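Under the working numbering, the first residue of the sequence shown carries the number 18, and numbering increases by one thereafter. Where is the CB? At the ideal position from N, CA and C, for every residue including glycine. For clarity, every value in this text was computed on a predicted model and none was experimentally measured. Since the structure comes first, as structure tokens, the remarks are kept for the end.
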Amino acid sequence: MARLRFLTAGESHGPGLTGILEGLPAGLPVSAAAIDRELARRQRGFGAGGRMRIERDQVQITAGVLAGRTTGAPMALTLANLDHAHWRDRDIPPMTVPRPGHADLTAAVKYGYPDLRFGLERASARETAMRVALGAVAKQLLTEFGIHLGGYVVSLGTAAAALGEPSPDGAVYAARCASAEQNDVRCPVPEAVEPLRAAVQGAIAARDTLGGVIEVAAWGLPPGLGSHVHWDRRLDTRCAAALCSIPAVKGVEFGVGFAVTTRFGTAAQDALEVHDGVLRHRTNRAGGLEGGISNGAPLVLRAALKPIASTLTPQDSVDLATGQAAAARYERSDICQVPRAVPIAEAVLALELADALLEKLGGDSLDELRQRFALLRGADLRSLPMHNQPWRFD
Numbered sequence: 018m019a020r021l022r023f024l025t026a027g028e029s030h031g032p033g034l035t036g037i038l039e040g041l042p043a044g045l046p047v048s049a050a051a052i053d054r055e056l057a058r059r060q061r062g063f064g065a066g067g068r069m070r071i072e073r074d075q076v077q078i079t080a081g082v083l084a085g086r087t088t089g090a091p092m093a094l095t096l097a098n099l100d101h102a103h104w105r106d107r108d109i110p111p112m113t114v115p116r117p118g119h120a121d122l123t124a125a126v127k128y129g130y131p132d133l134r135f136g137l138e139r140a141s142a143r144e145t146a147m148r149v150a151l152g153a154v155a156k157q158l159l160t161e162f163g164i165h166l167g168g169y170v171v172s173l174g175t176a177a178a179a180l181g182e183p184s185p186d187g188a189v190y191a192a193r194c195a196s197a198e199q200n201d202v203r204c205p206v207p208e209a210v211e212p213l214r215a216a217v218q219g220a221i222a223a224r225d226t227l228g229g230v231i232e233v234a235a236w237g238l239p240p241g242l243g244s245h246v247h248w249d250r251r252l253d254t255r256c257a258a259a260l261c262s263i264p265a266v267k268g269v270e271f272g273v274g275f276a277v278t279t280r281f282g283t284a285a286q287d288a289l290e291v292h293d294g295v296l297r298h299r300t301n302r303a304g305g306l307e308g309g310i311s312n313g314a315p316l317v318l319r320a321a322l323k324p325i326a327s328t329l330t331p332q333d334s335v336d337l338a339t340g341q342a343a344a345a346r347y348e349r350s351d352i353c354q355v356p357r358a359v360p361i362a363e364a365v366l367a368l369e370l371a372d373a374l375l376e377k378l379g380g381d382s383l384d385e386l387r388q389r390f391a392l393l394r395g396a397d398l399r400s401l402p403m404h405n406q407p408w409r410f411d
């Protein structure tokens with residue numbers, strides 16, 4: 018059972034979103050301003066749709082925090098949907114033509130909805146605003162232990178930034194993340210910014226949409242988070258599931274990822290060396306994980322996002338009310354959501370890493386966690402005494 022659990026509720030055009038975060042230790046300083054900064058990052062990015070000109074997300078913390086610190090009780094957050102004013106007290110036109118690539122049809126099949134908007138309202142990526150808010154709290158917990166994370170865009174369509182192999186040096190990722198925030202496509206490589214913007218411009222001109230790949234990294238992680246003993250305790254399992262829960266994500270890879278399949282084994286692993294008794298990985302092809310457990314190197318993941326299914330160019334569908342062929346109706350959406358997905362990916366990863374850290378440390382207060390963190394076993398020879406004797410299973 019997870020130590021850190023969360024729930025979100027709310028519809029895309031309803032009054033607002035609600036989030037509950039349970040399992041936080043008592044005594045954690047929580048900044049609403051820091052949460053709002055993450056929410057603002059989610060609303061920025063070249064290719065964003067019209068709704069981002071309406072919403073100005075600001076969190077309201079309604080439970081679990083007193084005098085600026087968590088109490089150990091469940092934390093509750095709310096976000097108002099400013100766009101709700103355009104939908105309140107009016108008749109909603111029927112929606113009977115499912116849009117290809119959305120949950121319109123499958124949700125209606127599962128729940129028997131009489132109108133497709135019932136599924137659209139909850140399946141909408143608007144829900145990720147609350148996960149960004151919850152993830153911002155998880156980031157504040159991780160920062161207390163020197164753990165930081167960030168992300169950036171690797172490619173949009175066929176335009177890509179050259180980044181090379183994953184690095185074992187956390188400073189590389191800190192610099193990339195800082196650089197990515199300086200442009201509206203969130204790319205850390207300056208010479209790739211204009212080609213990426215041009216790719217989005219091409220989609221705009223074609224009245225189409227564009228997907229891409231983002232990379233998210235966490236550095237300062239201690240070794241030993243996660244476990245190899247059960248499939249659902251593996252940290253790679255948990256992180257991959259978190260990223261795949263983001264709408265439009267169609268694939269996740271760690272470290273070198275799928276490219277490792279083209280190499281011999283000797284060029285796919287991370288050789289070990291020792292410096293002053295401390296074990297280090299010479300490279301980071303595995304992306305900071307071995308056997309489902311963090312190894313102390315930066316955790317590096319990539320997520321592939323498909324083009325958004327709502328397109329200005331009509332797509333063929335069927336009107337469920339008449340059984341006749343019909344064009345799917347366009348719903349206001351992004352042309353390219355990939356830059357805006359970066360803080361979402363950071364948020365869901367932060368929640369998983371915070372859960373893994375709490376699982377490792379135990380304790381009910383921040384002071385207890387700090388004491389136990391200081392006692393964690395490191396990847397050094399002194400912490401790993403071997404009896405170096407033969408033994409038998411019986």
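Notebook entry, point to check: Does DSSP put PRO46 in a helix, in a strand, or in coil?
Noted result: For PRO46, the three-state secondary structure derived from DSSP is strand.
Notebook entry, point to check: Roughly how many angstroms lie between the CA atoms of ARG302 and ALA19, to the nearest whole one?
Noted result: Distance between the alpha carbons of ARG302 and ALA19: 28 Å.
Notebook entry, point to check: So what's TRP104 in DSSP terms, helix, strand or just coil?
Noted result: Coil.
Margin query: Are the CB atoms of LEU151 and ALA364 within a distance shorter than 9 Å?
Written below: Yes, these two residues count as a Cβ contact at 9 Å.
Check: According to DSSP, is TYR347 helix, strand or coil?
Finding: For TYR347, the secondary structure class from DSSP, reduced to helix, strand or coil, is coil.
Check: Rounded C-beta distance between GLY44 and ASP384? I'm assuming under 8 Å.
Finding: So it is a contact: roughly 6 Å between Cβ atoms.
Check: Can you tell which of PRO42, VAL291, TYR190, ASP100 has the C-alpha that lies nearest to the C-alpha of THR87?
Finding: Closest by alpha carbon: PRO42.
Margin query: Let's test the definition: count the other Cβ atoms within 10 Å of the Cβ of ILE109 and tell me whether it reaches 16, buried, or not, exposed.
Written below: It is exposed - the Cβ of ILE109 has fewer than 16 other Cβ atoms within 10 Å.
Next item on the list: Look at the Cβ atom of ALA188, then the Cβ atom of GLY167, and state whether they are nearer than 9 Å.
Entry: Taking 9 Å as the Cβ cut-off, ALA188 and GLY167 do not qualify as a contacting pair.
Checklist line | VAL317 vs PRO183 beta-carbon contact at 9 Å | finding: The Cβ-Cβ distance between VAL317 and PRO183 falls below 9 Å.
Check: Three-state secondary structure (DSSP) at TYR169?
Finding: Collapsing the DSSP output to three states places TYR169 in a strand.
Next item on the list: Return yes when the Cβ of HIS30 is within less than 9 Å of the Cβ of ASP100, no when it is not.
Entry: With contacts defined by Cβ atoms closer than 9 Å, ASP100 and HIS30 form a contacting pair.
Next item on the list: Return the CA-CA distance between GLN388 and ALA146, expressed in angstroms with no decimal places.
Entry: Cα-Cα distance, rounded: 34 Å.
Next item on the list: Starting from the Cα of ARG143, find the closest Cα among VAL114, ALA97, PHE281, GLY304 and give me that residue.
Entry: Minimum Cα distance to ARG143 is reached at ALA97.
Notebook entry, point to check: Just the Cα atoms here: how many angstroms apart are GLU369 and ALA259?
Noted result: When rounded, the separation of the alpha-carbon atoms in GLU369 and ALA259 is 7 Å.
Next item on the list: Work out the CA separation of GLN354 and ALA65 for me, nearest whole Å.
Entry: Here the alpha carbon of ALA65 sits roughly 6 Å from the alpha carbon of GLN354.
Notebook entry, point to check: From what residue to what residue does the alpha helix (DSSP H) around GLN218 run?
Noted result: Per DSSP, GLN218 belongs to the alpha helix (DSSP H) from 207-222.
Checklist line | Beta-carbon spacing of LEU173, GLY118 below 9 Å | finding: It is not a contact, given that the beta carbons lie outside the stated cut-off.
Notebook entry, point to check: Less than 9 Å separating the beta-carbons of ALA342 and PRO111?
Noted result: The Cβ atoms of ALA342 and PRO111 lie no closer than 9 Å to each other.
Margin query: For ARG349, count the other beta carbons within 10 Å of its own beta carbon; 16 or more makes it buried, fewer makes it exposed. Which is it?
Written below: With fewer than 16 other Cβ atoms within 10 Å, it is exposed.
Note to self: For LYS156 and ALA367, which I take to be in contact (beta-carbon distance under 8 Å), what is that distance rounded to the nearest angstrom?
What the structure shows: Going by Cβ atoms, the distance from LYS156 to ALA367 rounds to 5 Å, so yes, they are a contact pair.
Note to self: Can you check which of these residues, LEU83, VAL76, VAL114, is closest to ASP336 by C-alpha distance?
What the structure shows: Closest by alpha carbon: VAL114.
Check: What is the rounded straight-line gap between the Cα of GLY274 and the Cα of LEU238?
Finding: Spanning the two alpha carbons is a distance of roughly 20 Å.
Next item on the list: Compute the Euclidean distance between the alpha carbons of PRO131 and ALA125, then round it to the nearest angstrom.
Entry: Near 7 Å, if we compare the C-alpha coordinates of ALA125 and PRO131.
Check: According to DSSP, is LYS323 helix, strand or coil?
Finding: Judged by DSSP in its simplified three-state form, LYS323 adopts coil rather than helix or strand.
Check: For GLY187, which of helix, strand or coil comes out of DSSP?
Finding: DSSP, reduced to helix, strand and coil, places GLY187 within a helical segment of the structure shown.
Next item on the list: Mark VAL217 as exposed unless 16 or more other C-beta atoms lie within 10 angstroms of its C-beta, in which case mark it buried.
Entry: It counts as buried.
Note to self: If contacts are defined as beta-carbon pairs under 8 Å, then ILE361 and ARG59 qualify, I think. What distance do you get, rounded to the angstrom?
What the structure shows: Confirmed, about 6 Å.
Next item on the list: Check whether the Cβ of LEU173 lies closer than 8 Å to any heavy atom of the ligand SAM, and answer yes or no.
Entry: Although the ligand SAM was asked about, the structure shown includes no ligands whatsoever.
Notebook entry, point to check: So, does the CB of PHE275 fall closer than 9 Å to a CB anywhere in chain D?
Noted result: No chain D appears in this structure, which consists of one protein chain only.
Checklist line | Same chain, Cβ closer than 7 Å to LEU253, five either side skipped, listed in chain order | finding: In the sequence under discussion, the amino acid at residue 253 is Asp, which differs from the Leu named in the question. Result list for ASP253: PHE271, LEU306, GLY309, in chain order.
Next item on the list: Note the first and the last residue of the continuous alpha helix (DSSP H) segment covering GLN500.
Entry: What the structure shows of the chain is the stretch from 18 to 411, and residue 500 is not part of that stretch, so it cannot be assessed.
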